[in-house]
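Number of protein chains: 4
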Amino acid sequence: MCRFLAYLGAPIFLDELVYTPAHSLIHQSLHATEAKTETNGDGFGLGWYGDRDEPGVYHEVLPAWSDQNLRSLCGQIRSRLFFAHVRASTGTALSRANCHPFRNVGDLFMHNGQVGGYRHLKREIETELPDALYEHRLGTTDSEALFLMALANGLRTEPVAAMERTLGRVQAMLKRAGITEPLRFTSCYTDGEVLWAYRWASDDKPPTLYYRQEEGGVLVVSEPIDEGLRDWHRVPKGSVLRVDRHGINIEDLRVDIAVAA
Amino acid sequence: MCRFLAYLGAPIFLDELVYTPAHSLIHQSLHATEAKTETNGDGFGLGWYGDRDEPGVYHEVLPAWSDQNLRSLCGQIRSRLFFAHVRASTGTALSRANCHPFRNVGDLFMHNGQVGGYRHLKREIETELPDALYEHRLGTTDSEALFLMALANGLRTEPVAAMERTLGRVQAMLKRAGITEPLRFTSCYTDGEVLWAYRWASDDKPPTLYYRQEEGGVLVVSEPIDEGLRDWHRVPKGSVLRVDRHGINIEDLRVDIAVAA
Amino acid sequence: MCRFLAYLGAPIFLDELVYTPAHSLIHQSLHATEAKTETNGDGFGLGWYGDRDEPGVYHEVLPAWSDQNLRSLCGQIRSRLFFAHVRASTGTALSRANCHPFRNVGDLFMHNGQVGGYRHLKREIETELPDALYEHRLGTTDSEALFLMALANGLRTEPVAAMERTLGRVQAMLKRAGITEPLRFTSCYTDGEVLWAYRWASDDKPPTLYYRQEEGGVLVVSEPIDEGLRDWHRVPKGSVLRVDRHGINIEDLRVDIAVAA
Amino acid sequence: MCRFLAYLGAPIFLDELVYTPAHSLIHQSLHATEAKTETNGDGFGLGWYGDRDEPGVYHEVLPAWSDQNLRSLCGQIRSRLFFAHVRASTGTALSRANCHPFRNVGDLFMHNGQVGGYRHLKREIETELPDALYEHRLGTTDSEALFLMALANGLRTEPVAAMERTLGRVQAMLKRAGITEPLRFTSCYTDGEVLWAYRWASDDKPPTLYYRQEEGGVLVVSEPIDEGLRDWHRVPKGSVLRVDRHGINIEDLRVDIAVAA
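Structure representation (structure tokens):
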């Protein structure tokens, strides 16, 4: 399990959200309160949109709390749309390539959750990827595989339907393989303009996911980063939050396992 | 604060103590129970005596729990005398040179504790070091400085008296500087034959320190690594445990602050 | 391209071969003379047989020349059979999982060379791996894929024939994919008792490979580590050197591309 | 020895100078042509001025050529004033704290050169630092010590005279200690507005230093990064180049060893 944070709104310095709050993401890297693991020290990553088409990414295997580079970067980088993620590995190796967020051309994706029995499904999931996407696989995590699979399923044009198809497909694989461990999926995806935050689990126990509307924008987090004046809202189980410049919208995620047959 | 482990006895593979026990040092790196900080993820280190005169040392900035090299090394290295240490920084930088144990020629030293207001005393402590020792300072920690100061005070020939002088001297510095934070000192030193484990604090609250006599040897730890049949004993406050091939001995540490005047 | 060294014989400290010689592997990491690249600074690795059944492995992304841990380990570890490897990436990521030697249960493998157009063949090669081996793939390199493929082809029982089949198969893939870049393969494999050193290329230009019989054993290297009294011999192109306790033997590698049809 | 680059002018993306040119700093990290060492693989660093008062810094121990974070950061960060540095250690440890540029409040400094016999002078140099500056020493290099000493000598208000005093003082120390190895000093300093580039050596053999006036600004480099249309000029030995928004100026460095008596 992991902890993450996504922001879309008026440009702000990253440290205002990543470091300053009382229960900031950096604080959560040592003391997460709503995660399966309190410590999220298996690397971290940033992804942000600046003045170029492609977002920047920064991945490091050190724990977030001890990286002075991260502190300096968060103090310098100002962005209208960014992702930050602290990792607690569920089994795959510690490497930069396994740190979130993952980038594909102009898109970013990050994930908190797990694919039950992933070790046995890894190959089958990878087999479904088109060559062009498989060539861009850099690491070995389930999270990156899900992202590439969703891209193959049309994530860029149908961000909700493509993710529904992907989850349905993987869930069907799990079923067929006789794996009883759940598929739990809480994630963020953006094409650089719109932000989608998904929350779903095959056992109805997805990791927590919250959002808050600020004056200048919208914040999505694994767990609240402070006890602010403005309220934190939960993204309901089995739904997806859509955020753009004009506001937010929540709709159901309709994962049909039969789709995968 | 940190957690550590020292062993002297019949040669054993390091993983038998570092990995296998239920509350092994690796487990303590994530879930220490008697330390100020539960997480000890700011690097780690090994020091061990093998077939050469000088001990080997291995230092890494990654958390101990995620280093596959450490696991492999502990599975291969067999030693009659070794130190292992997981670090929780009290302020100094994350770097290999700041990881314990510290080596000086054939000796090893590791520490768990703190020098109150070290930032302001660092220079004064360093000033007292003879040139020959100062040239061997590789890092910036209080722990390494205390080791070098103790060597200057005769640690090799008088392991108890030299440490008493060192603690007295530093405590006098603290006093003169008007620093009220305590000096807390729990540490291990070895010359490759005999192991000394010290426990002292200016406020009578030194970090915990335990030992256990095994069939083949003696084990010294920050906190018990299992609930074994054999009993764990506390090293009393203000005393030093001496271990060699023939057995153990405990004597008082007589720290005289006036000595420093 | 990379540089490597393998030794089988009476137990010696690793630093006698890895550090001490005038043109040691550490020297070659900065100043290789017979490699495509002078600098081999994209990580390194050790694999060695000690007192346990499984060999130890140590992988690091830092350049070999700047790793103090490596120096200390090579000064402590004594082995009758070990591999050492400095890496110059041909495109795949810098990560520990991509450092040689690769271990599979009790076996070690390391490689110097390249699979032409590997990026396009990666998937096809992986597809041929049995599930049980694919699950043990930790990195993303062509070298690890070749090792696993050779294991699938019977490397443990037929170390020569299995490698011939593997090279033939990959060469056939290259041909069918219309890739004209060569397959160049210079590698070492051991099961913990016998050492095989292969040298082959589809364009008859395999990387260099030398061996030398010492009093206590046999040394295999990418390029000579010194100008010793004893002579260095080239492993002939298209052949495999077999080394065990009793001596050496050289035989042809018969790579049949048709085998792959 | 090392290689570096400094820029002051209209804001540009860092990769335009750090990656794009034929003989960019990244290329120089593997293939420097005018340095004592061809390979500059002992870490690197960036320092840049953005939208905040303090500059950002990024330090990493990996070689510059293999760091994907560096590539992404240089593609995102746009700056009117920045330093980039690839390191070849002259003896001190590999650590982030030893990577250039060094920051002190709003200032940056980076260095290419050496203090002869630094190991024996380290302590004497450090002893001259005021407490307030000594507390900010993070690493162990001669370069950082020179920077702090220059700050103590008034670098902020008299950037030329303070450096003259510093060099004179250190040269006097070398002389008194009977050290015959030279003091070689090529460096850049900035307060965030003005850039000074110094070139001096006690043996009249300072490392190379070039500058070029561009349309939008001025570039200072250890060695030319391309064969552009605009000419590269050498900073003369024993002089300092001053660059601000309005243009450049060169004046002599008057290092008086007697000043140190």
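Chains as they are written, first to last, in our numbering: chain A, 124 to 384; chain B, 124 to 384; chain C, 124 to 384; chain D, 124 to 384. Backbone N, C-alpha and C fix where the C-beta goes; we use that ideal spot for every residue, glycine too.
- In this structure, the beta-carbon distance from A/HIS208 to A/ARG335 does not fall below 9 angstroms.
- No residue range can be given for A/TYR142, since it is assigned to no beta strand (DSSP E) and is classified by DSSP as neither H nor E.
- For D/SER195, the enclosing alpha helix (DSSP H) has its first and last residue at 191 to 199.
- When the five nearest sequence neighbours on each side are left out, the beta carbons in the same chain lying within less than 6 angstroms of the beta carbon of B/SER325 are those of GLN294, PRO305, LEU306, in order along the chain.
- Think of a sphere of 7 angstroms around the beta carbon of C/VAL180: the chain B residues whose beta carbon falls inside it are SER195, in chain order.
- For a Cβ distance threshold of 8 angstroms, residue set ARG175, GLU177, GLY179 of chain C lies close to B/GLY198, ordered along the chain.
- Out of A/GLU258, A/GLY262, A/ALA255, the CA that lies nearest to the CA of A/PRO224 is found in A/GLY262.
- In this structure, B/GLU258 sits near D/HIS243, with a CB-CB distance shorter than 9 angstroms.
- Interface with chain B (9 angstroms Cβ-Cβ cutoff): D/ALA220 is included.
- A Cβ-Cβ separation of about 10 angstroms leaves A/VAL378 out of contact with A/TYR321 under the 8 angstroms criterion.
- Of the residues D/VAL358, D/GLY179, D/MET124, D/VAL180, the one whose Cα lies closest to the Cα of D/VAL238 is D/MET124.
- In the three-state reduction of the DSSP assignment, B/THR309 falls in the strand class.
- The beta carbon of D/GLY198 sits closer than 6 angstroms to those of ASP138, all from its chain and outside the five residues before and after it, given in chain order.
- With a 10 Å radius around the Cβ and a threshold of 16 neighbouring Cβ atoms, A/ARG226 comes out buried.
- Not flagged as an interface residue toward chain B: A/GLY229, since no C-beta distance is shorter than 9 angstroms.
- Using beta-carbon distances, D/GLU161 does not count as an interface residue toward chain A, since no partner is under 9 angstroms.
- The Cβ-Cβ distance between D/VAL317 and A/SER195 does not fall below 9 angstroms.
- For A/VAL283, the three-state secondary structure derived from DSSP is helix.
- Taking 9 angstroms as the CB threshold, C/ALA268 stays off the interface with chain A.
- Residue environment analysis places A/LYS159 among the exposed positions, since fewer than 16 neighbouring C-beta atoms fall within 10 angstroms of its C-beta.
- Excluding the 5 residues flanking it on each side, C/ILE380 has same chain C-beta neighbours closer than 7 angstroms at GLY291, GLN294, ALA295, LYS298, in chain order.
- Not a single C-beta of chain C is nearer than 9 angstroms to the C-beta of D/VAL363.
- As for any alpha helix (DSSP H) of minimum length 4 sitting wholly inside the stretch 292 to 369 of chain C, there is none.
- Looking at the DSSP output, D/ILE135 sits in a beta bridge with D/SER202.
- Taking 9 angstroms as the threshold, the shortest C-beta distance from A/GLU249 to chain C falls below it.
- With 16 or more other Cβ atoms inside 10 Å of its own Cβ, D/ALA285 counts as buried.
- One Cα belongs to C/LEU193, the other to C/ALA187, and the distance between them is close to 7 angstroms.
- Burial check for C/ALA255: the Cβ neighbour count within 10 Å stays below 16, so the residue is exposed.
- The three-state secondary structure of C/ALA211, taken from DSSP, is coil.
- The beta carbons of D/VAL358 and D/LEU128 sit about 14 angstroms from each other, so the pair does not count as a contact at 8 angstroms.
- From the beta-carbon of C/ARG246, the residues of chain A found nearer than 7 angstroms are ASP254, TYR257.
- Rounded to the nearest whole angstrom, the CA to CA distance from A/MET233 to A/TRP319 is 11 angstroms.
- Closest option to C/GLU346, judged by alpha-carbon separation, among C/GLY229, C/ARG175, C/LEU140: C/LEU140.
- Residues of the same chain with a CB within less than 8 angstroms of the CB of D/GLU161, apart from the 5 flanking positions on each side, are LEU153, HIS154, ALA155 in chain order.
- Counting only Cβ-Cβ distances below 7 angstroms, B/VAL209 has no contacts in chain A at all, with the closest Cβ about 12 angstroms away.
- Note that the C-beta distance between B/ILE348 and B/SER147 is below 9 angstroms.
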